[in-house]
Structures are given as C-alpha cells and as structure tokens.
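Everything on this sheet refers to the single structure shown next.
Residue numbers (the working numbering): 37 to 405.
Given below as structure tokens:
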C-alpha cells in the first residue's frame, strides 16, 4: 500500500529534540519550518511530553457528549490571552475555517463570503472555496457557491465588494502560502469598518500567523478585533487541534466533531499555552525577525518568526542546498523561502541560520546579478 501524499518526501525523519531533527542516516538538521509552523515549543519539550504522557495514561477521547476537566484547564489558559466568549474546538486549521464559514452564514442569515487573492484557508470544500490558487481549486469544481475574491490589500476593491449581502470577509493578517505577505494597516481597518457598517462579520485566519509575530494573534498589531478568529498549527505543539473563537454562541446541534475537544488535545493546548506564557516565548519572537540581504534578495517580509525571503530567482536550489548543509526550510511560491521555526530558537541560532541562508544564496547565484 502507498500513501496519498501532498508532497514528494524530502527526507525520512526519525527523531527530534529542541530545534533539531535527525534523518534515518543519522544526519542532524536545524528545523526552520517546524512541521509548517506546528512545533512552537520545538521537538520533545520535556515538560510538554511528560504531561501528555500522563494524559495518555488517563483519558484520551471521551466523546463530545461528555465533559472533562482538561477542557476547563485549556479554557483557563486561553482566557489569559483573549477575551472572546466562545470557542469551538476542532482538529485542524481547515476545520477551524469550515466552522467559521458555517457560523458566519448561520449568524447573519446571508450566504456571500468574500476572500482574498493569494489566500490559503485549507483544502476541504468550504475552505477550498475561500482559497485562491487555481492549482488547488480547478480539479474540484464546482466548489461551494457564494464565494468571491478581491485583491489583497486593495482598499477600493473592498469598498466596492462588501455590501449588505455579505455574510463575512475572511482574510489572513499575514498571508502564509501566498508568500508571507502582511496586510497593510489601512486595508485591515477598512475591512473592519465596512463589515461593521454592512452588518457582515470579519474573520481573521490565524492558523499560521497565530503565536508567531510577537503577539498572540497577528491581528493585534492592527488594533482591530475580528468577529471570528481561527487558530491551529502551533496551538497544540503537534497534537492535531484547532480553535474557532467568537463572541456569539451557535445553536446546539448545528456543528460538531467526534474528536473535537478531546481530553488529549485540550491538555496539549493548555500545556503549550502555559509554557509559552511562562517563558514569554510569544513576546520574544518579535525580537528574532531576521532580514536576509544579498544581490539576489528582493526583500524579507513578515513579523517575528513568520519570515518570507523574496528572491529574484526560483528558490528550489537554495532550499535543496540548505538541506544538504543541515538546514530545513520551506517555500511560499516559487520565489519565496519561508521560515517558521520553533519559538524556542535563540537569537544566536536564528542568526546562525541567517548566515547560512545568505551563504547558500551567494554560493548558488553569486554575489552579483
């Protein structure tokens, strides 16, 4: 039997510790992608592992019809970061988005969802309908009706598109798959003003940007509060779990999940948040942004430890050579190198990575165009 896989497998990894992973040949790598932004505490964090092992021996899944103390432990930690009144607990980022879209239609009674060009919100049918790239969408049409896209960061397009027919506008404060592109302040404030004026909801997809930018949510940099926020990836440090945050309740029985909110996942979130808060890892991430320089680098963009290095030329060779030299990175399009390292990475370690990346770029493309 063979796995259906999204990616061609680059390596066979066998273990991890801190910011490092090892392959099946025993080679050691600095992990600058962390499972695409998942392992915020790094690999095998001792406290996290100990508490999750204890939970495995206690209770893993209770079923959605039963309550458990781990949920309240998670909620108590979550309330130290956000003021939202309600949370739906799912299992993945795309599930968080699906829930947000359903809740928006249910709450407003409207159908139209406005998303952005170059957006990525997931691969299930609703989330895929909000995702932009044709290569993800075309083979699965017809998609869910009622979705349309406007140019990201285009204020005039937003003014024209958002009406009293709009149920919600969904956007990423920093587009991840789209190239690590931050929203500009005027655009975000325009979205908030227009949705409030038209009675629509604003959804911030923080599945990738949450925890990484120096604030719990990247949207906090804009001093705007969305009506719905989606979180996933790093929130459980590797255990599949997602959150959909709102200030309104949803009628019981309208949405749910067999595994959503299980004791193991809730414990994972609680422990992850507790360690992040105690060690001030979110705040420290703001100080670890690196700017890659070189003749073949257009610019470095992002915030904190969500970093996109925009190149003049395709980056595949750079990614491959970095792997050869013991650094694992990812892409965000053909000309963007994406870094989403564990938040435990030190300034010295991220600066070591900076030097390695600049060295590989210069070695492959030369110091001049």
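C-beta: ideal position from N, C-alpha, C; glycine also.
Exclusion of the five residues before and after residue 369 leaves 215 as the residues of its chain whose Cβ lies within less than 7 Å of its Cβ.
As for any alpha helix (DSSP H) of minimum length 4 sitting wholly inside the region 196-272, the runs are 221-234, ordered along the chain. Non-local C-beta neighbours of residue 298 in its own chain, meaning closer than 8 Å and more than five positions away in sequence, comprise 96, 97, 98, ordered along the chain. Counting C-beta atoms within 10 angstroms of its own C-beta, residue 211 has 16 or more neighbours from the protein chains shown and is therefore classed as buried. Note on geometry: alpha-carbon atoms of residue 250 and residue 37 lie some 44 Å from one another. According to the DSSP secondary-structure assignment, residue 151 is paired through a beta bridge with 185. Check the Cα spacing between residue 361 and each of 39, 51, 43, 63: the tightest is with 63. Ranking 392, 169, 242 by CA distance to the CA of residue 153 puts 169 first.
The criterion of a C-beta distance shorter than 9 Å is not satisfied by residue 136 and residue 268. Taking the CA atoms as reference points, residue 54 sits about 42 Å from residue 231.
The three-state secondary structure of residue 59, taken from DSSP, is strand. Scanning 265, 353, 386 for the CA closest to the CA of residue 123 turns up 265. The three-state reading of DSSP puts residue 101 in coil, since its state is none of H, G, I, E or B. In the assembly as shown, residue 184 is an exposed residue. Its beta-carbon has fewer than 16 other beta-carbons within 10 Å.
In the DSSP assignment, residue 274 is bridged to no other residue. Residue 200 and residue 147 have their alpha carbons spaced roughly 11 Å apart. A straight-line Cα-Cα distance of about 19 Å links residue 278 and residue 102.
As DSSP reads the structure, residue 71 sits in no beta bridge. Residue 393 and residue 313 have their C-alpha atoms some 30 Å from each other.
By the Cβ criterion, the region 227-241 is in contact with the region 202-210, since at least three pairs of Cβ atoms, one from each stretch, lie closer than 8 Å. About 19 Å separates the beta carbon of residue 343 from that of residue 77, a gap too long to meet the 8 Å contact definition. Taking C-alpha positions only, residue 171 is separated from residue 336 by approximately 26 Å.
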